[in-house]
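One structure below.
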Amino acid sequence: MYRVWNFVTNYSLLLIIGAAIALVWANLDAHSYHHFVEYPLLFNDWVGVDAKYWVKSYGEDFHIEDAGGALKVLSAHYLVNDVLMAFFFAIAAKEVWEAVILKNGSLRGRKAATPLFATAGGMFGPIAVYLGLAAFLGSDVYDAVANGWAIPTATDIAFSYLVGRIVFGAGHPAVRFLLLLAIADDAAGLIILAVFYPSGELG
Numbered sequence: 007m008y009r010v011w012n013f014v015t016n017y018s019l020l021l022i023i024g025a026a027i028a029l030v031w032a033n034l035d036a037h038s039y040h041h042f043v044e045y046p047l048l049f050n051d052w053v054g055v056d057a058k059y060w061v062k063s064y065g066e067d068f069h070i071e072d073a074g075g076a077l078k079v080l081s082a083h084y085l086v087n088d089v090l091m092a093f094f095f096a097i098a099a100k101e102v103w104e105a106v107i108l109k110n111g112s113l114r115g116r117k118a119a120t121p122l123f124a125t126a127g128g129m130f131g132p133i134a135v136y137l138g139l140a141a142f143l144g145s146d147v148y149d150a151v152a153n154g155w156a157i158p159t160a161t162d163i164a165f166s167y168l169v170g171r172i173v174f175g176a177g178h179p180a181v182r183f184l185l186l187l188a189i190a191d192d193a194a195g196l197i198i199l200a201v202f203y204p205s206g207e208l209g
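All residue numbers for the sequence shown refer to our numbering, where the first residue is 7 and numbers rise by one.
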């Protein structure tokens, strides 16, 4: 496990660089970006997105009218989001589990209260900034975007964890604190979506 985390720490810069490249690419040429990430690597019956959905959404871009009887379509998008990230979150969950369950865990007992209060601040603070900036830009902008107030409540667990390890170092209690904060923040965000946005899109 230590070797795994040494590797992650040493190569976490690749995640940041990759995200920056993807962000620039998607904004400069969205069509080619989606063409790359949704390229059909494999038509099969076991793993991937629903074939009918994929054909309907992306088939025209690849001149594919049907999946040839396949039930699933495997793409780079699916591999990263649904396979690789699952391994990352499993290891992240292990860190939180140790911090909460172990006798000397850094987040055991009363120590867990601080992350919960921090989570509340991490949610209401961004909401206030979001609505404040929207109001500052004028009533037209506010009316158009105010319904999306829940968007800034989310926290990227992967980036938070890796940046925390770079800043504080492996094994530092602040890393587990930050991880628990990010997970709690995302959990609260999901509750907000379920309560305030049961259907439809934000905005």
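Ideal Cβ placement from N, Cα and C applies to all residues, glycine included. As the structure is a computational prediction, the values presented were derived from the model and not from experiment.
Review point. How should P215 be labelled, buried or exposed, when 16 other C-beta atoms within 10 angstroms of its C-beta is the threshold for buried?
Key: The chain is shown from 7 up to 209; residue 215 falls before or after that span and cannot be answered.
Practice item. Evaluate contact between the segment 80 to 96 and the segment 46 to 63, counting only Cβ atoms and requiring at least three cross-stretch pairs below 8 Å. Key: yes
Exercise for review: Tell me, please, which residues DSSP counts as bridged to G179.
Suggested key: Locating residue 179 in the sequence shown gives position 173, where the first residue counts as 1. The sequence shown places Pro at residue 179, rather than the Gly named in the question. Note: P179 sits in no beta bridge, so no partner.
Check your understanding: So, does the CB of G115 fall closer than 9 Å to a CB anywhere in chain C?
Key -> Among the protein chains of the structure shown there is no chain C, as only one such chain exists.
Exercise for review: Starting from the Cα of D162, find the closest Cα among D191, H178, F174, A134 and give me that residue.
Suggested key: What you label residue 162 is simply residue 156 of the sequence shown in a count that begins at 1. Put simply, of D191, H178, F174, A134 the residue whose alpha carbon is nearest the alpha carbon of D162 is D191.
Review point. What are the residues that DSSP puts in a beta bridge with N80?
Key: As a first step, residue 80 must be located in the sequence shown, where it is residue number 74. Note that residue 80 is Leu in the sequence shown here, rather than Asn. According to DSSP, which records beta bridges pairwise, L80 is partnered with L48.
Review point. Is there contact between the segment 171 to 189 and the segment 91 to 105, where contact requires at least three CB pairs shorter than 8 Å?
Key: Below 8 Å, enough C-beta pairs join the segment 171 to 189 and the segment 91 to 105 to call them touching: three or more.
Practice item. Measure the alpha-carbon distance for V106 versus H178 and round it to whole angstroms. Key: Position 100 of the sequence shown, counted from the first residue, corresponds to residue 106. Position 172 of the sequence shown, counted from the first residue, corresponds to residue 178. So the two alpha carbons sit approximately 15 Å from each other.
Review point. From which residue to which residue does the alpha helix (DSSP H) around D149 run?
Key: Counting from 1 along the sequence shown, the entry for residue 149 is found at position 143. Per DSSP, D149 belongs to the alpha helix (DSSP H) from 145 to 151.
Review point. Going by DSSP, which residues form a beta bridge with V55?
Key: Along the sequence shown, one-based indexing puts residue 55 at 49. DSSP lists V79 as partners of V55.
Exercise for review: Check each candidate in A76, F49, E44 and name the one with the smallest Cα separation from E66.
Suggested key: Reading the sequence shown from its first residue, position 60 is the one you call residue 66. Per the Cα distances, E44.
Point to revise | Burial state of V61 (16 or more Cβ within 10 Å) | key: Here residue 61 refers to the residue found at position 55 of the sequence shown. Buried is the call here.
Practice item. Would you kindly work out how many angstroms separate the C-alpha atoms of G128 and S145, rounded to a whole number? Key: Residue 128 sits at position 122 when you count from the first residue of the sequence shown. Residue 145 sits at position 139 when you count from the first residue of the sequence shown. The alpha-carbon atoms of G128 and S145 are separated by roughly 26 Å.
Check your understanding: Of all the options A164, T159, F174, which has the alpha carbon lying nearest to the alpha carbon of I197?
Key -> To locate residue 197, count along the sequence shown from 1; it is residue 191. It is T159.
Exercise for review: Could you have a look at H41 and say whether DSSP puts it in helix, strand or coil?
Suggested key: Here residue 41 is taken as the residue at index 35 of the sequence shown, counted from 1. If DSSP states are grouped into helix, strand and coil, H41 belongs with the helices.
Point to revise | CB of Y148 within 9 Å of CB of A141, strictly | key: In the sequence shown, the residue the question calls residue 148 occupies position 142. In the sequence shown, the residue the question calls residue 141 occupies position 135. In this structure, the beta-carbon distance from Y148 to A141 falls below 9 Å.
Point to revise | C-alpha gap between L48 and V89, whole angstroms | key: Against the sequence shown, residue 48 aligns to sequence position 42. Against the sequence shown, residue 89 aligns to sequence position 83. The alpha-carbon of L48 is positioned some 15 Å away from that of V89.
Review point. Taking all protein chains shown into account, do 16 or more other C-beta atoms lie within 10 angstroms of the C-beta of P121, making it buried, or fewer, making it exposed?
Key: Mapped onto the sequence shown, residue 121 falls at position 115. The residue is buried, with at least 16 neighbouring Cβ atoms inside 10 Å.
**Study point:** Coarse secondary structure for N110, derived from DSSP in three states
**Key:** Reading the sequence shown from its first residue, position 104 is the one you call residue 110. Note: N110 maps to coil in three-state DSSP.
Exercise for review: Pick helix, strand or coil for P204, following the three-state DSSP scheme.
Suggested key: Residue 204 sits at position 198 when you count from the first residue of the sequence shown. In the structure shown, P204 sits in coil (DSSP, three-state: anything other than H, G, I, E or B).
Review point. Would you report the Cα separation of K78 and L139, rounded to the nearest angstrom?
Key: For the purposes of this step, residue 78 is taken as residue 72 along the sequence shown, with counting starting at 1. For the purposes of this step, residue 139 is taken as residue 133 along the sequence shown, with counting starting at 1. For K78 and L139, the distance between alpha carbons rounds to 43 Å.
Review point. Are the CB atoms of Y167 and V181 nearer to each other than 9 Å?
Key: Taking the sequence shown and counting its residues from 1, one reaches residue 167 at position 161. Taking the sequence shown and counting its residues from 1, one reaches residue 181 at position 175. In this structure, V181 lies closer than 9 Å to Y167 by Cβ.
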